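One structure is given below, encoded as structure tokens.
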Amino acid sequence: MTRLRVKHFGPIREGMKNDGWIEFKRVTVFVGNQGSGKSTLAKLYSTFAWIEKALVRGDFDRKWFERKNRLTKPFLTYHRLENYISSGQTALTEIDYEGEAFSIKYANGQLHITKSKTDGYHLPQIMYVPAERNFISYVKHTRELKLSSDSLKEFLTEFDNAKASIKDPLPLPINNAELEYDKLNDTLNIRESDYKLKLADASSGFQSAVPLHLVSQFLANSVQERIEDRQESMSAGELERFRKEAAKILSQPLTVEQRRALISTLSSRFNKTAFINIVEEPEQNLFPQSQWNVLQSLLKFNNQGEHNRLVLTTHSPYVVNYLTIAVQGKLLQDKITKNKCDEAWLPKLDAVVPLYALINAKDLAIYQADEKTGGIERLPVIEGIPSDNNYLNGSLREGNDLFDRLLDIDEALKA
3 MTRLRVKHFG PIREGMKNDG WIEFKRVTVF VGNQGSGKST LAKLYSTFAW IEKALVRGDF
63 DRKWFERKNR LTKPFLTYHR LENYISSGQT ALTEIDYEGE AFSIKYANGQ LHITKSKTDG
123 YHLPQIMYVP AERNFISYVK HTRELKLSSD SLKEFLTEFD NAKASIKDPL PLPINNAELE
183 YDKLNDTLNI RESDYKLKLA DASSGFQSAV PLHLVSQFLA NSVQERIEDR QESMSAGELE
243 RFRKEAAKIL SQPLTVEQRR ALISTLSSRF NKTAFINIVE EPEQNLFPQS QWNVLQSLLK
303 FNNQGEHNRL VLTTHSPYVV NYLTIAVQGK LLQDKITKNK CDEAWLPKLD AVVPLYALIN
363 AKDLAIYQAD EKTGGIERLP VIEGIPSDNN YLNGSLREGN DLFDRLLDID EALKA
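Counted from 1, the sequence shown has number 253 at position 251 by the working numbering; the numbering is strictly sequential.
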């Protein structure tokens, strides 16, 4: 299991309560106020998962990573986290990452890397979906954007790849709409039953949800197709590294069989078999029902692969509540299967919560970050269901309490 421990990094001071470790499950969620460290944790996970991937793939060796300040440049700058370690805080900052292939520790301004004993690593496609994704939809042509964010640039690259893959109208999880790509004019169009509109002119909800849905579906399907076909589609950088290493093999005095075996081993190092989807604020600009529909799609993509992972940051109480519904649905599905009940119940369950979006309780972890203490705690689980006693639901209850107090004042005035 992959896990992360963080202390004295940006808004995170105390770190996780108890043993300090944040465990990343099939679905991991971070909630909390602005400036509490939700996105910081997601970005650190993205950073260290990529370093582990690069070590497995052989992009760089351990010594290269372990040079002083290597974490800061280029890795923390990728997510604009380089200033989260101040000059007076370097000695205090501690980050521990335990992955499936490597354990990585950051202390006293330097990385220390050790190889794990487990051999169950699955090379992932890692995608960080930033909250700024709606900028991509707002402009009529993405080439108009001059981006300074490296993570947004990478997302834009995958967005263009996903856009180019559209051949037929793509169903969207909002309003039964469809997405069409006009290749000639390089524009995306939203089509509903009685109108057609350019994405750049559509509502903010569509502008936020379309890039998220399009890229997530494209990458999830791409990884799954590679697994099923046992074929690899490399990025330009990966392909160049592959060619260089393959050239070294071919230049050696080896037999044909030896060369074939070595090339086969080399190819397997680049074969992605998992999709790690890290999404900031999936609810952005969306009506509650649309939040649920988008969440169902993300869960569907995550459930496509055995080793996929979904990481969310959210301000929405609806997202957390819908996740508990997905867990409850899985408990009912297991009960129907175990007791060999009438299978007619499964379609009824599917009508409430699509079976493709169900979550096993042990595969979900929800963490709360506190901006006041800089601490993190895991939401307790009661009979397999995450507790509704969380910050987001607390805000809803606070609104009800405020209204009750106003009613009390109104009653007093009448008296």
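Yeah, the Cβ is synthetic: ideal placement off N, Cα and C, and Gly gets one too. Fair warning: this is a prediction, and the values are worked out from it, not measured in the lab.
Own chain, CB closer than 7 Å to residue i, minus 5 neighbours either side, in chain order
i, result
"E308", "none"
"Q298", "P175, P356 and A359"
C-beta atoms of residue i and residue j nearer than 8 Å
i, j, result
"P13", "G37", "yes"
"A367", "E25", "yes"
"A164", "V217", "yes"
"L174", "V131", "no"
"I378", "A51", "no"
"L360", "A328", "yes"
"T326", "E283", "no"
"F220", "S167", "yes"
"L46", "R72", "no"
"E194", "A204", "no"
For residue j and residue i, the rounded distance between their alpha carbons
i, j, result
"H124", "T4", "12 Å"
"I280", "D21", "24 Å"
"K340", "R69", "54 Å"
"Q335", "I176", "26 Å"
"A363", "P171", "35 Å"
"V225", "G60", "20 Å"
"Y358", "Y324", "14 Å"
"E54", "E400", "43 Å"
"A103", "K119", "7 Å"
"A249", "I338", "56 Å"
"S48", "H81", "9 Å"
"L78", "L409", "50 Å"
"S41", "R135", "15 Å"
Close-in-space but distant-in-sequence residues of the same chain around residue i (CB under 8 Å, 5 per side omitted)
i, result
"L427", "Outside the modelled stretch of the chain, which goes from 3 to 417, sits residue 427, for which no answer is possible."
"L94", "K9 and H10"
"K200", "K142, T189, L190, N191 and I192"
Neighbourhood of residue i by C-beta distance below 6 Å, restricted to the same chain and skipping five residues each side
i, result
"T30", "V313 and A367"
"T74", "E84"
"Y320", "P290 and Q293"
"M18", "I24 and I378"
Three-state class that DSSP yields for residue i in the structure shown
i, result
"Y105", "The question names Tyr, yet the displayed sequence has Ser at residue 105. It is a strand residue."
"D21", "coil"
"N191", "strand"
"A371", "strand"
"F277", "strand"
"F67", "helix"
"R380", "strand"
"G34", "strand"
"H215", "helix"
"P198", "The displayed chain sequence assigns Lys, not Pro, to residue 198. K198 falls in the strand class under three-state DSSP."
"P255", "coil"
"E182", "strand"
"E413", "helix"
Cβ neighbour criterion (16 or more within 10 Å) applied to residue i
i, result
"Y197", "exposed"
"P126", "buried"
"Q254", "exposed"
"E227", "exposed"
"S206", "exposed"
"P382", "exposed"
"E242", "exposed"
"R407", "exposed"
Closer than 7 Å: residue i CB and nearest the ligand SAM heavy atom
i, result
"L158", "This structure lacks the ligand SAM; in fact it carries no ligand of any kind."
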